[in-house]
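Asks: I have a structure I would like to understand better, so I am pasting it below and will then ask my questions one at a time.
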Amino acid sequence: MKERPSPEPVVFVIDDDASVRDSLKNLLESVGLHTELFDSTQTFLDFRRPDVASCLVLDVRLPGLTGLEFQNELLKLGISLPIIFITGHGDIPMSVRAMKLGAVEFLTKPFRDQDLLEAVRVALERDRMRRRDEKTLTALHAHFESLTAREKEVIGLISAGLSNKQIAADMGISDATVKVHRANIMRKMQARSLADLVRMADLLRVGQASLVTR
Amino acid sequence: MFKSLRTSTKLLLLCSVFVGALVVATYGLVAEKQIAIHFVNKELVGVQYLDALRGVYAAILAGRPGMPSATKQAVDRLAKTEAESDHLDTEALERHLAETIDRLASSTDDSRRQALFVDALTAARNLASRIGDDSNLTLDPDLDSYYVQDIVVAKMPTLLSQIGELQSQLAMPSSAQPTPESLAVRALVLDGMIRSTLDGIERDLQASYRGDSGDFLRQALDADLANMVSAWNAYFDAVKAKLGGASEAIAIDRTYVTAVDSAIDAWTASLAELKRLLNTRSSNLLSKLRSSLLLNGLLAVFALGFAIATGRLIVQPLLKLERLADEVGQTKDYNLRTDYESRDEIGRLAVAFNAMLAELAAAREREAADAARRAAMQAELARVARITTMGEMAASIAHEINQPLAAIVNNANASLRWLGQDPPNVERARSVLERVVSDGGRASEVIGSIRGMLEKSSQERVQLDVNDLIREVMTFVRADLKHHDITVRTALAEDLPRISAVRIQLQQVLLNLIANAAESMASIDERVRVLTVRSQKADGYGIVVTVEDTGTGIDQTDLERVFEAFFSTKPEGMGMGLSICRSIVEAHGGRMTVSPGHPRGSVFQVRLPDDEPSQFP
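In structure tokens, the structure reads:
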């Protein structure tokens, strides 16, 4: 993943009906949102998407496969885009299934512009959050990988709630050595407090991992 | 063969066998009785014969010279009796006796007479013995009659011969006597023999009394016998006196006559008793025979009656059942019942027959109810199928209108926003509004086409061009087919004859065929999905519409059945679609067929007659 952030979000629209597609672009651009249009899922998949916060406005009726099937396919491909479904004639079971799979909204055509724009706003916000969490986790991983094998062992025991003395007894080393390890860990992981460190370990699932490797 | 005989005939055969057996048994019985009766009758002839012979004995022993008429009468009667009893072999003996008597009568010489007298007695005794043998008397099986016949046949003639001989010895002149001593010795011997014969008679009588349960014999004979014994004792006394010297010939002759008369009387009585016994036996036999015959006859009549009654009891109810079965078969009235009641097999058959009729009636009712339910269900399913088709059409229409409508709303909103900006982006708003106008036009076109179609949708038959119909239907389904990635090809022949049809029904048929085709191609990924709709002139009259797909096709075994109601190859299919399609097509006088596609898929053909009536074969 690229570290360079791109501030302007993008809305992808997939609809096989040209006039609906264009009208969506008109609407979204009227509130200043950058919009990319696709007439099929395949052209969307072929498109090289920019690394920015983005969401997908997806027609349920698509040539080849339904929007719901495409939602499944995206999950399988590991593409976690927030999706807003639009449909000519939606029904409740279909919308429930879509929402369960993580859709942001399920709109029936014709819809109110506020509803779509609100859904797009929520979707982009959700994607932004996701991207930030993803970045944090990536940084944590990088920090964790910079630890020595011993330090990784110590962080596991810390997250399991053991005191310095217990850790020393457990590992057969002196209290002083444990303290040195601990100071190194706090510095490398850029943790501001013990609680911060334990939260990081939880995110990384270090506790379980080190217990397994022991 | 026996199996196919009528029951009455079988029973009659059975009865005949029984009666036959009865007749054979009866014949045996009659024959046996007849033998016994014949035996008795022969004995009676013998008794008759002996009766005649008794007269001859009486005549000989009377010992009068010449041939007195009494003697002649007795001999004649004997000859007559002999002639009548032709199965007794006595002719020679009888003639010999008659000749001897004849000679005795004509002889004048005294000693010669004495010899002839003894000869005649001997001849008579031989005759009696022969009569006894030939007339079965000596073979008599009963205790009473056996001993009485012994007296009658053997003892009496012997006794009379012996007394005759003794008397002739005594009557012989002294000159003819060898010595007085020899006369005494002879007399003594004869006396002993006579006494022994008398004892024999006594024993026989005692024996016959034992066999006589009613004691009639003793009553009839005892007196005569006592008489005879006393007479004979008197005679013996006279003989002893004469041999002692004092000659009193008169006393001897008198006692002799008394003795002979008493013996003849006893003989007569014995004969009468024997006759009575034999007659009794004969009549007993006859009455037994009669009662046996009566009993057998009654049995035979009873058997016949029984057979006829059984036959009626079996055959009549069976015929009645048969008639009832025929009636039920003709009138189809399963509420008929037989009223025959009995606890036998036929009664049970009747009950079973009624039960079967009841079950048949119930089964028919169930069948009728089933048929009604099935018809109702079919009608309901047809309605549901029509509604479903309408629903699909409605969904299709909604989609067609929603698309431009959504675009219009979006564009209108966008232009409002452009105009609401500071400063307003009028140029952008104008270009977006132009899109609103064109989308509005598109929506109006769609609505216009729908109205046009709905206006034509009545249940009346109208003249129509099948190509127009196909085009209309295609406008509805085209978008849907495109969504399913199906390529549509149409090949519509020009100058087709117009057909007379209910528009909405034919639309339903086409929509159904197209929906099926699309569904059969949904799972096809390895080749292109192509739907071909074709119209052309039929070989004979009318037109043919063909709907062809490149889908999964139909198994050869199912080809025959796809038009059946409730048959479906689809997991959720009701199996009504094609069935209804076919009924619609047939209601239009057409035919619907299916065949496998080349290389894959299936081909449905709808043949419809053109407007010329009754030209489609």
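Residue numbers (the working numbering), protein chains in the order written: chain B, 63 to 276; chain G, 40 to 656.
Where is the CB? At the ideal position from N, CA and C, for every residue including glycine.
What you are looking at is a predicted structure, and each value in this text was computed from that prediction instead of being measured.
Thinking just about the alpha-carbon of each residue, which of B:A165, B:L169, B:G150, B:D121 is nearest to the one in A185 (chain B)?
Replies: Nearest of B:A165, B:L169, B:G150, B:D121 to A185 (chain B), Cα basis: B:A165.
Asks: Could you check where the alpha helix (DSSP H) with P155 (chain B) kicks off and where it finishes?
Replies: Run containing P155 (chain B): 154-162, per the alpha helix (DSSP H) assignment.
Asks: One question on the structure: do I233 (chain G) and S309 (chain G) come within less than 7 Å of each other, judged by their Cβ atoms?
Replies: Contact flag unset, no.
Asks: Classify A540 (chain G) as helix, strand or coil using the three-state DSSP reduction.
Replies: In the structure shown, A540 (chain G) sits in a strand (DSSP, three-state: E or B).
Asks: Whether or not the stretch 459-468 of chain G and the stretch 97-105 of chain B are in contact is what I'm after, with contact meaning three or more pairs of Cβ atoms, one per stretch, closer than 8 Å; do they touch?
Replies: No, because fewer than three Cβ pairs between the stretch 97-105 of chain B and the stretch 459-468 of chain G fall closer than 8 Å, the two stretches do not touch.
Asks: Using DSSP with H/G/I as helix, E/B as strand and the rest coil, what is F109 (chain B)?
Replies: It is coil, neither helix nor strand.
Asks: When the Cβ atoms of the stretch 66-80 of chain G are set against those of the stretch 364-376 of chain G, are three or more pairs found closer than 8 Å?
Replies: As far as the Cβ criterion goes, the stretch 66-80 of chain G does not touch the stretch 364-376 of chain G, which means the pair count is below three.
Asks: To which residues of the same chain is A181 (chain B) closer than 8 Å at the C-beta, ignoring the five residues directly before and after it?
Replies: Answer for A181 (chain B): I146, V166, E167, L169, listed in chain order.
Asks: Return the bridge partner residues of K576 (chain G) from the DSSP annotation.
Replies: K576 (chain G) is bridged to G:I582.
Asks: Helix, strand or coil for I148 (chain B)? Go by DSSP, reduced to three states.
Replies: Here I148 (chain B) sits in strand by DSSP.
Asks: For E98 (chain B), which three-state DSSP category applies?
Replies: Residue state, collapsed to three classes: strand.
Asks: Is L107 (chain B) near the ligand NAD, judged by its Cβ being under 6 Å from some heavy atom?
Replies: This structure does not include the ligand NAD; it has no bound ligands of any sort.
Asks: At 7 Å on the CB atoms, spell out the chain G contacts of G150 (chain B), in chain order.
Replies: In chain order: A437, H438, N441, Q442.
Asks: Is there a Cβ from chain B that is less than 7 Å from the Cβ of R646 (chain G)?
Replies: By this cut-off, R646 (chain G) is not an interface position.
Asks: Within the same chain, show all residues whose beta-carbon is closer than 7 Å to that of Q87 (chain G), passing over the 5 residues directly before and after it, in chain order.
Replies: Around Q87 (chain G): T120.
Asks: Tell me which same chain residues have a C-beta within less than 6 Å of the C-beta of A277 (chain G), skipping the five on either side of it?
Replies: Excluding positions up to five away in sequence, the list reads A290, I291, T294.
Asks: Report the start-end ranges of each alpha helix (DSSP H) in the stretch 210-261 of chain B that is 4 residues or longer and not cut off at the edges.
Replies: You should have 211-221, 226-233, 237-250.
Asks: Just confirm the distance between the C-beta atoms of T529 (chain G) and V572 (chain G), as a whole number of angstroms; I'd bet it's less than 8 Å.
Replies: Contact holds; Cβ gap of about 5 Å.
Asks: If you reduce the DSSP assignment to three classes, tell me which class L332 (chain G) lands in.
Replies: Helix, per DSSP.
Asks: In chain G, which residues lie with their C-beta within 7 Å of the C-beta of V93 (chain B)?
Replies: Those within 7 Å of V93 (chain B) in chain G are R456.
Asks: Taking only beta-carbon positions, decide if D588 (chain G) is within less than 7 Å of chain B.
Replies: So no, D588 (chain G) is outside the interface.
Asks: Please name the residue, chosen from G:L117, G:Q201, G:D179, G:W457, that lies closest to K81 (chain G) on a Cα-to-Cα basis.
Replies: Residue G:D179 is the option with its Cα nearest to K81 (chain G).
Asks: Which word fits A263 (chain B), buried or exposed, when buried means at least 16 other C-beta atoms lie within 10 angstroms of its C-beta?
Replies: Buried is the call here.
Asks: Report yes or no: do three or more beta-carbon pairs, one from the stretch 155-162 of chain G and one from the stretch 258-269 of chain G, lie closer than 8 Å?
Replies: Flag = no, the stretch 155-162 of chain G and the stretch 258-269 of chain G do not touch.
Asks: What runs of the beta strand (DSSP E), each 3 residues or longer, lie entirely inside the stretch 619-650 of chain G?
Replies: Taking only runs of at least 3 residues, the beta strand (DSSP E) segments lying wholly in the stretch 619-650 of chain G are 630-635, 641-647.
Asks: Can you tell me the Cα-Cα spacing of H96 (chain B) and N506 (chain G), whole angstroms?
Replies: Those two C-alpha atoms are separated by around 47 Å.
Asks: DSSP three-state call for A280 (chain G): helix, strand or coil?
Replies: Of the three classes helix, strand and coil, the one that applies to A280 (chain G) here is helix, per DSSP.
Asks: Starting from I74 (chain G), follow the beta strand (DSSP E) in both directions and report where the run begins and ends.
Replies: It is not in any beta strand (DSSP E) - I74 (chain G) instead sits in the alpha helix (DSSP H) that spans 46-101.
Asks: Just to confirm the assignment, what range does the alpha helix (DSSP H) spanning F74 (chain B) have?
Replies: Careful: F74 (chain B) lies outside any alpha helix (DSSP H), inside the beta strand (DSSP E) at 72-76.
Asks: Considering only residues of the same chain and omitting the five flanking positions on each side of A298 (chain G), which have a CB-CB separation below 6 Å?
Replies: Once the five neighbours on either side are set aside, the close Cβ partners of A298 (chain G) are A270, W271, Y274.
Asks: Is it the case that the Cβ atoms of A118 (chain G) and T139 (chain G) are separated by a distance below 7 Å?
Replies: Result no, Cβ atoms of A118 (chain G) and T139 (chain G) do not sit closer than 7 Å.
Asks: Can you give, in chain order, each stretch of the alpha helix (DSSP H) that sits fully within the stretch 100-186 of chain G and has at least 4 residues?
Replies: If we require 4 residues or more, the alpha helix (DSSP H) runs fully inside the stretch 100-186 of chain G come out as 108-123, 130-145, 149-173.
Asks: Give the DSSP-derived three-state secondary structure of F168 (chain B) in the structure shown.
Replies: F168 (chain B) falls in the strand class under three-state DSSP.
Asks: Report the partner residues of V501 (chain G) according to the DSSP bridge assignment.
Replies: Beta-bridge pairing links V501 (chain G) to G:A540.
Asks: Of the choices G:L205, G:G640, G:E366, G:N464, whose alpha-carbon is the least far from that of L598 (chain G)?
Replies: For L598 (chain G), the nearest C-alpha among the options comes from G:G640.
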